[in-house]
Amino acid sequence: MVETGASIGIAMYPVHGDDPSTLLRRADVAMYVAKRSGGGYALYQPEQEAQTLRRSGLAGELRRSIPQGELVLHYQPQITLATGAIHSVEALIRWNHPREGLMPPDRFIPMAEETGIIHPLTAWVIDAALTQLCKWIEDGLDVSVS
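The numbering used here numbers the first residue of the sequence shown as 21 and each following residue consecutively.
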């Protein structure tokens, strides 16, 4: 089964612009607001443009963060309560942003999903986690992949 949805952005002439290019750009901004809120529709609001510009700037920075080595994985141990033993670790991505510092995934994963950056980001996570796994094996740690 295939599910579809729609998100609509609304910009009104002449309130939100008086030329087609401006109206389309602002309707596009409103559409992304509607998308982020789960679909439906959104009417353009001037404050949305600043948020969208900031997000698109961050998206470009995120795309560059991969080759610039700004991403890091933190490994969170998973513990069996009955024994207190670590039974696995979970790899958690963080972005060490040059100006904003360490950013948790909820600050950039939704944007990565919207912009398609999620695919190279996922490839980086898998590569980094497997590289670390190999180092643990070389160090003699008992490693189980399940």
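Where a beta carbon is used, it is the ideal one built from N, C-alpha and C, also for glycine.
Just verifying my parser: in three-state terms, what is the DSSP assignment at residue i?
i: Tyr64; result: coil
i: Val92; result: strand
i: Gly25; result: coil
i: Leu184; result: Lying outside 21 to 166, the shown extent of the chain, residue 184 is not represented and no answer is given.
i: Gly37; result: coil
i: Gly121; result: strand
i: Ile86; result: coil
i: Ile137; result: coil
i: Ser76; result: helix
On the DSSP bridge list, what partners appear for residue i?
i: Met32; result: Paired residue(s): none; Met32 is not in a bridge.
i: Leu112; result: His94
i: Ile106; result: Ile99
Buried or exposed for residue i, going by 16 or more other Cβ atoms inside 10 Å?
i: Arg84; result: exposed
i: Trp115; result: buried
i: Met32; result: exposed
Measuring CB to CB, does residue i end up less than 8 Å from residue j?
i: Gln68; j: Val92; result: no
i: Ala54; j: Ile86; result: no
So, under 8 Å CB-CB, residue i and residue j are touching, yes? Tell me the CB distance rounded to an integer number of Å.
i: Pro97; j: Ile113; result: So it is not a contact: roughly 17 Å between Cβ atoms.
i: Ala111; j: Ala149; result: 5 Å
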